[in-house]
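Here the structure comes first, spelled out in structure tokens, and everything after it is commentary.
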Amino acid sequence: MEKLLPIILLFVLFFLNVPICFALFSSTFFYFIFINTNTYPDLILQVFVNSAQSFPLLAIPFFIK
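Under our numbering, the first residue of the sequence shown is numbered 237, with each subsequent residue one higher.
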């Protein structure tokens, strides 16, 4: 049940007309901070920064809406 909460949050943000890139980031951030608490915050930050430096990965969610 707890793994379903980020998906519900994602769809709620979609219905509130939040841009898709921010909805995806918010639901992922919610999952890693509140549900998956056994990961290291430094590792999460490193993955976010490395993903943000990849232009093709950033172009996908920004192009959708």
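All C-beta atoms, glycine included, are put in the ideal place defined by N, C-alpha and C.
Predicted model only: the values in this text are computed from it and were never measured.
Nearest to L241 by alpha carbon, out of P292, N272 and F258?
-> In the sequence shown, counting from the first residue as 1, residue 241 sits at position 5. Comparing Cα-Cα distances from L241 to each of P292, N272 and F258, the minimum goes to N272.
If we call anything under 7 Å between Cβ atoms a contact, is I256 one with P297?
-> Locating residue 256 in the sequence shown gives position 20, where the first residue counts as 1. Locating residue 297 in the sequence shown gives position 61, where the first residue counts as 1. Yes, these two residues count as a Cβ contact at 7 Å.
To the nearest angstrom, report how far apart L246 and N286 are at their CA atoms.
-> Along the sequence shown, read from residue 1 onward, the residue named residue 246 stands at position 10. Along the sequence shown, read from residue 1 onward, the residue named residue 286 stands at position 50. Taking the Cα positions, L246 is about 23 Å away from N286.
In the DSSP assignment, find the unbroken alpha helix (DSSP H) run with Q282 in it and report its ends.
-> In the sequence shown, residue 282 corresponds to position 46, counting from 1. Taken as a continuous stretch (DSSP letters only), the alpha helix (DSSP H) holding Q282 covers P277 to A288.
Give the range of the alpha helix (DSSP H) segment to which I243 is assigned.
-> Numbered from its first residue, the sequence shown carries residue 243 at position 7. Start and end: L241 to F251.
Leaving aside the five residues before and after E251 along the sequence, list all residues of the same chain whose C-beta is less than 6 Å from its C-beta, in chain order.
-> As a position in the sequence shown, residue 251 is number 15, starting the count at 1. In the sequence on display, residue 251 carries Phe and not Glu. Excluding its 5 nearest sequence neighbours in each direction, F251 has no C-beta neighbour in its own chain below 6 Å.
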